[in-house]
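Since the structure comes first, as structure tokens, the remarks are kept for the end.
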Amino acid sequence: MELTKGIFERRSIRKYEDKAVTEEQVKEILWAASNAPSWKNLQPSRYFVAMGDARDAVADMLPEFNKNNVLNAPVLVVSCVKKGTSGFDKEGNAVTHLGDGYLHFDNGLAVQNICLKALDMGLGTLIMGLYDEKAIRAYFEIDDTLEIVCVLSIGYPVDQPAARPRKTVEEIAVFKK
Ligand SMILES: Cc1cc2nc3c(=O)[nH]c(=O)nc-3n(C[C@H](O)[C@H](O)[C@H](O)COP(=O)(O)O)c2cc1C
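In structure tokens form, the structure reads like this:
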């Protein structure tokens, strides 16, 4: 798919077909994630992939509305970052005014690659910021060197939702000449 078309057509998908996605497909999508830029190329993102019974278990760790949003989605991905990496020096001090912000920045770049690569493969995604963090951490035995940033669903979309309104460039940018 042409890149600009992909950027325009990516939508949050909240209705999925009851159709399997293979581990190979997920690996291809995560390969795209691994190619995202990151602070000093530290690549802080880590992923926990839930398929089959694990998918159902993780779906139960979502609030009811998100569980309904991802009904039938065969894959849920927990996206994490390795703490104290992006934006930190070797002594573990944050080196910019953003503190640990670049960790989440890097994860966001990788997650956008996940969404766009999935779209290119005919798949849809939903980024979820609301989930039971403690339950997911315990389920995957995620230690405290990692921070959970979001949960994503991956699956075949039932349809293409209408685009939500966006601010104009004039509203979001200041040009000074
Ligand atoms: C960090 C983040 C967290 C989000 N959390 C949720 C969520 O918990 N549930 C949900 O249905 N959508 C969630 N969304 C999706 C947004 O609502 C969606 O991206 C936005 O409304 C724009 O729609 P679009 O993605 O179709 O362009 C989240 C998006 C982001 C980037």
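To convert, count from 1 in the sequence shown and add 15; that's the working numbering.
All C-beta atoms, glycine included, are put in the ideal place defined by N, C-alpha and C.
Item                                                                                                                                                                                : Value
Between which residues of its own chain and residue 165 is the CB-CB distance below 7 Å, once the five residues before and five after are set aside?                                : 94, 126, 142, 143, 144
Is residue 170 helix, strand or coil when you go by DSSP?                                                                                                                           : strand
Hey, would you say residue 89 sits closer than 8 Å to residue 36, going by beta carbons?                                                                                            : yes
With which residues is residue 31 paired in a DSSP beta bridge?                                                                                                                     : 172
Identify the residues that DSSP records as bridge partners of residue 63: which are they?                                                                                           : 93
Examine ligand 1 and report whether any of its heavy atoms sits within less than 7 Å of the Cβ of residue 165.                                                                      : yes
Leaving aside the five residues before and after residue 175 along the sequence, list all residues of the same chain whose C-beta is less than 8 Å from its C-beta, in chain order. : 24, 26
Three or more beta-carbon pairs under 8 Å between the stretch 73 to 82 and the stretch 148 to 166, yes or no?                                                                       : yes
In the structure shown, what three-state DSSP assignment does residue 141 receive?                                                                                                  : strand
With a threshold of 16 other CB atoms inside 10 Å of the CB of residue 65, please say whether the residue is buried or exposed.                                                     : buried
Should residue 59 be labelled buried (16 or more other beta-carbon atoms within 10 Å of its own) or exposed?                                                                        : buried
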